[in-house]
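Same order as they appear, the protein sequences are chains X and C. Going by the numbering used here, the first residue of the first sequence is number 58, and it counts up by one from there. Going by the numbering used here, the first residue of the second sequence is number 1382, and it counts up by one from there. Accompanying notes for the structure given below.
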Amino acid sequence: MGKISGAVKSVFGAVKGFFVHWNRPAEGKYVPSKEVVAYSVGGMGVQFMAVICNNVILASTCILLGSIYNMKPTTLAILSFINAGVTIVMQPLKSWLIDNTPGGKGKARPWLLWLSIPSAVLLTALAFMDPGWNPTTMAIVVGILFTIMNFVYQFYLGQYTMLAQLISPNTQERANIISISSLVYSLAPTITGALFPLIAELFTNGQLDHDFYRTIFPIFTVLGVLFTLIAYFGTKERVIVPKNYEKKVKFWDAMSKIVRNKYMWILNITTWFQFGRAAVTGVLMWIYIYILQNAGAQAVLSLVMGTASGIGMFMAPFMIKFFGKRNVAIFSNLIMCAASIPLIFFPSNLVLLFVSTYIVFWGAAVQIISQPAMNADALDYQQYKTGDRYEGMSGNLGMIGQIIALGTGFIIPAIYEINGLLDDYDILYDPALRAPLFRTLAIVASIFAVLCAAPFFFWDLNEKKHRKMIEELKERAAKENILNGYEHESVLSSGENFDGTDSSEVEAKFESEHKDSSESLVDELTTDESLLGKDKSEEDEV
Amino acid sequence: MRKKVIVVLLIAILAISSILSLAGCTSKVEEQAAWEAYEKAMANSAEHLQNNGSYFIKYRYNGQNSKGEKAVVTQKLNVVYGNSNIKDWNDFVVVDKGVEKAARYTTDYLNTYFGYSLKSGVKAKNAKREDYALGYFNMKGEFSNSENVEDFFNLEAGTSYNGNEINADTEIKKYTLAYALGTLDGINRESTDLLSAEKRGNVLTLKLKVKAEGLFYSNYNQDSNCLVVRITLNRISKISSADDSLPIYFINYAGPKLTLASYDAKKS
Chain X
58 MGKISGAVKS
68 VFGAVKGFFV
78 HWNRPAEGKY
88 VPSKEVVAYS
98 VGGMGVQFMA
108 VICNNVILAS
118 TCILLGSIYN
128 MKPTTLAILS
138 FINAGVTIVM
148 QPLKSWLIDN
158 TPGGKGKARP
168 WLLWLSIPSA
178 VLLTALAFMD
188 PGWNPTTMAI
198 VVGILFTIMN
208 FVYQFYLGQY
218 TMLAQLISPN
228 TQERANIISI
238 SSLVYSLAPT
248 ITGALFPLIA
258 ELFTNGQLDH
268 DFYRTIFPIF
278 TVLGVLFTLI
288 AYFGTKERVI
298 VPKNYEKKVK
308 FWDAMSKIVR
318 NKYMWILNIT
328 TWFQFGRAAV
338 TGVLMWIYIY
348 ILQNAGAQAV
358 LSLVMGTASG
368 IGMFMAPFMI
378 KFFGKRNVAI
388 FSNLIMCAAS
398 IPLIFFPSNL
408 VLLFVSTYIV
418 FWGAAVQIIS
428 QPAMNADALD
438 YQQYKTGDRY
448 EGMSGNLGMI
458 GQIIALGTGF
468 IIPAIYEING
478 LLDDYDILYD
488 PALRAPLFRT
498 LAIVASIFAV
508 LCAAPFFFWD
518 LNEKKHRKMI
528 EELKERAAKE
538 NILNGYEHES
548 VLSSGENFDG
558 TDSSEVEAKF
568 ESEHKDSSES
578 LVDELTTDES
588 LLGKDKSEED
598 EV
Chain C
1382 MRKKVIVVLL
1392 IAILAISSIL
1402 SLAGCTSKVE
1412 EQAAWEAYEK
1422 AMANSAEHLQ
1432 NNGSYFIKYR
1442 YNGQNSKGEK
1452 AVVTQKLNVV
1462 YGNSNIKDWN
1472 DFVVVDKGVE
1482 KAARYTTDYL
1492 NTYFGYSLKS
1502 GVKAKNAKRE
1512 DYALGYFNMK
1522 GEFSNSENVE
1532 DFFNLEAGTS
1542 YNGNEINADT
1552 EIKKYTLAYA
1562 LGTLDGINRE
1572 STDLLSAEKR
1582 GNVLTLKLKV
1592 KAEGLFYSNY
1602 NQDSNCLVVR
1612 ITLNRISKIS
1622 SADDSLPIYF
1632 INYAGPKLTL
1642 ASYDAKKS
């Protein structure tokens, strides 16, 4: 009973603290609550776009491209291959743009502003293809449009995720913000998951009707843009750098340093296998349309499925706090494996399909929190080792995964085709044909979930080590500020002090209070010998 | 540390190899085995038909849309047999006959629903045979009684039925499973040369050159203009020509769930 009341009190305490720290962050934290809200609500805009983008993926499971535009699985796989190639080629440019973002307002926020509208326009255009085109024309037009859209949209999406890594140097706070924002922004797919089947009922062919997509695409991309602007205007980026930090990032110099960051490697290697671990969840829309065939039940089940992500994202920061990010990453992948195994034996069981999909969604949701948080830790480690911030350039390591994906991208479509899913998706109505397909996908999902977990066994950057790193970075930045005459300046890129006040305001106030005095902040700081001439060998302790 | 790396790499290689083998490669099938597979598939499909199995067929050809423009026209026929609520009533049928993707810029979806319609106010699980009426709903949703099921499948184009016209630009029977399988009558190892047989997973694709005359597909008598028959899990699933220029049958042995509206439901 005591534990329950303690837990209830801590929940109430957290809620109260949320409003108390609306304008100023709590001690030890960096982000006020209002900014968390802005980031979270803005995330709904990003998710509305993501939902629309999920309706036009280059995969056989895409109703619009597969069932309506009649594009074959191998055509889609070829376009996906080309798109991946273009993405690889454009990645260095994107990385350079991120690390050299003009305007001085950060590396993530500006791109949310600049890329949201083009993303919306390009996504909407994909809903207005003519199903009567011959296959070649369709493939060319969709291919070109999708490739451009994907570059712009992925850039935009990535910057929202990156903002969470830059919004605070406190790793637990980052995880908390990612979790809170994930819970809020996941309302967007929950809303659309419930609304779309009901909107589809207004059209003759339901979710197989072209007009359905031509209706939802413009509406929800516009909503996406409007909500995204909330994130742009309501947030700040905070990295620990000296006042005069204006690093111009050179490509090869950056790459030679990033390749020595083992934590970046671990995170990238796990992404090589992620295409397979969710093989079963990819058929959820097919389950609704070809098996369930009930819009009302689909709306309810979509809501239920949405709770999996919400629960996973809510639990993630608590799990991270008690077990650490590494263990959480391993566990969440292994549970996705365990959830897929029963479908190998019972591929036609509808209840089992939903339960397995629910658990896989849960595991993936946990990693929505843990993975960016681990990525941010890896970036801090980079700064600790080499003094560089490589939010953009670190993405180049992902090019290896993208090259690998050129090959692995054919595996799932090939599995569909060998099970009879070619140019007629109506075979999915037939349980005799569905069962072997779902069984194979379950095998793939199980194996690849284990492969996703494997790299994390090598992750040894725990939370204690990370805290020591951040303190070290603060000391270095403060030392450099002193040496460069910015002794009273904040070491946060946002210009705030650690109590949330603005350093320039503090400076102005100090000067007005001490304008006739010989006192200065300089004397107080320079008497601290420990900040000067620190022993380099202590850096190796982490 | 090195052992960890080696173990992980070995597992990864093993797993990826397994997946690649599951993804499957195309393999050629010997002629004898190919004909045996074809004969077995025909027998399975015929058995499904004789047992009143449900089916969902699409018949795709180059035609005209409702505006008179050239368009790829897809006629679909979804037939559901059986009624689990009434014992031994195997000839119960509900049919959805429609046209999809016939227009260039809009989707003309013309439906005719035929079959046994339940009286309003009666729940299916409590219904008796006499609560059902056989007939059809036209595009306007009006119900007309019919004599028997075969009358519907034998309807000619533009047929006037009790004053309510069924809109079909060709005979409905051409879209039935019986007709689709019937087009392969006479296709066997004596009348036809097997040009190739390739198997990929559960899908076997046969390319056939028809030597005999007088058969439905006798025109497909050249290497460059051959008949293509796809067999999926031991059942005929697609009949087409090598360049897909002629009408294509997409045959499925299950389709969407069908329930007719009540024949005496009042319209608002």
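We put the CB at the ideal spot given by N, CA and C, even for glycine. The model shown is predicted, which means the values in this text are computed figures rather than measured ones.
ask   = Between the segment 169-194 of chain X and chain C, which residues of the former have a C-beta closer than 8 angstroms to a C-beta of the latter?
value = Asp187, Pro188, Gly189
Opening and closing residue of the alpha helix (DSSP H) in which X/Gln104 lies = 90-111
message = Checking 7 angstroms against the spacing of the C-beta atoms, do X/Asn140 and X/Thr204 come in under that value?
response = yes
task = Taking C/Asn1633 as the query, report the chain X residues whose CB atoms sit under 7 angstroms from its CB, ordered along the chain.
result = Asp483, Ile484, Tyr486, Asp487
request  = List the residues of chain C whose Cβ lies closer than 9 angstroms to the Cβ of X/Gly477, in chain order.
outcome  = Gly1582, Asn1583, Val1584, Arg1611, Thr1613, Leu1614, Ser1618
message = With DSSP as the reference, identify every bridge partner of C/Lys1619, one or two as the case may be.
response = C/Arg1611, C/Phe1631
key: Sequence-distant residues of its chain with Cβ nearer than 6 angstroms to C/Glu1428 (five each side left out)   = none
key: Helix, strand or coil at X/Ile114 [DSSP, three-state]   = coil
request  = Would you mind working out which of X/Ile539, X/Ala354, X/Trp168, X/Arg491 sits nearest X/Ile475, comparing C-alpha positions?
outcome  = X/Arg491
request  = Output the boundary residues of the beta strand (DSSP E) element that contains C/Arg1570.
outcome  = Neither: C/Arg1570 is in no beta strand (DSSP E) and is coded neither H nor E.
inquiry  = Contact criterion: CB-CB distance below 7 angstroms. Does X/Gln264 meet it with respect to chain C?
reply    = no
query = Nearest chain X C-beta to C/Tyr1490 closer than 7 angstroms, yes or no?
reply = At C/Tyr1490, the pLDDT of 48 sits below 50, so the modelled position is not reliable and the matter cannot be decided from this model.
query = Terminal residues of the continuous alpha helix (DSSP H) containing X/Ala221?
reply = 192-223
ask   = When you compare each of C/Ile1438, C/Leu1458, C/Ala1635, C/Lys1592 to C/Thr1493 by their alpha carbons, which one comes out closest?
value = C/Leu1458
ask   = Apart from the five residues on each side of it in sequence, which residues of its chain come closer than 6 angstroms, Cβ to Cβ, to C/Asn1606?
value = none
CB contact flag (X/Ala422, X/Ser503, <7 angstroms) = no
request  = Show which residues of chain C have a CB atom less than 7 angstroms away from the CB atom of X/Leu490.
outcome  = Thr1613, Leu1614
task = Determine the DSSP secondary structure at X/Thr181, reduced to helix, strand or coil.
result = helix
query = Comparing the C-beta of X/Val65 with each C-beta of chain C, is any distance below 7 angstroms?
reply = no
Strand pairing of C/Asn1443, partner residues [DSSP] = C/Val1453
request  = Apply the 10 Å Cβ neighbour rule to C/Leu1442 and answer buried if 16 or more other Cβ atoms are within range, or exposed otherwise.
outcome  = Reading off the sequence, residue 1442 of chain C comes out as Tyr, not Leu. Counting Cβ neighbours within 10 Å, C/Tyr1442 comes out exposed, since fewer than 16 surround it.
request  = Go ahead and label C/Phe1534 buried or exposed: buried means 16 or more other beta carbons lie within 10 angstroms of its beta carbon, across all protein chains shown.
outcome  = buried
message = Looking at X/Pro512: is its Cβ nearer than 7 angstroms to the Cβ of X/Ile344?
response = no
query = In or out: X/Trp309 buried (at least 16 other Cβ within 10 Å) or exposed?
reply = exposed
query = Relative to chain C, which residues along the segment 451-476 of chain X have a C-beta separation below 8 angstroms, given in chain order?
reply = Phe467, Ile468, Ala471, Ile472, Glu474, Ile475, Asn476
inquiry  = Taking the beta carbon of X/Pro226 as the centre, do at least 16 other beta carbons fall within 10 Å, making it buried, or is it exposed?
reply    = buried
task = Buried or exposed for C/Ala1483, please, with buried defined as at least 16 other CB atoms from any protein chain shown within 10 angstroms of its CB.
result = At C/Ala1483, the pLDDT of 49 sits below 50, so the modelled position is not reliable; the number obtained from the coordinates is stated separately. With 16 or more Cβ atoms within 10 Å of its Cβ, C/Ala1483 is classed as buried.
Residues bridged to C/Asp1477 [DSSP beta-bridge criterion] = C/Asn1459, C/Tyr1494
task = Taking only beta carbons into account, state which residues of the segment 1547-1580 of chain C come closer than 9 angstroms to chain X, listed in chain order.
result = none
request  = Spell out whether any CB of chain C is found under 7 angstroms from the CB atom of X/Gln350.
outcome  = yes
task = Identify every residue that forms a DSSP beta bridge with X/Tyr126.
result = Paired residues: none, contrary to the question.
key: Nonlocal neighbours in the same chain, by C-beta distance under 8 angstroms from C/Asn1529, ignoring five residues either side   = Leu1515
task = Measure the C-alpha to C-alpha separation of X/Gly85 and X/Asn432 and round it to an integer number of angstroms.
result = 21 angstroms
Where X/Arg317 falls, given that 16 or more other Cβ within 10 Å makes a residue buried = exposed
ask   = To which residues of the same chain is X/Thr285 closer than 7 angstroms at the C-beta, ignoring the five residues directly before and after it?
value = Gly99, Gly102, Val103, Leu169, Ser173
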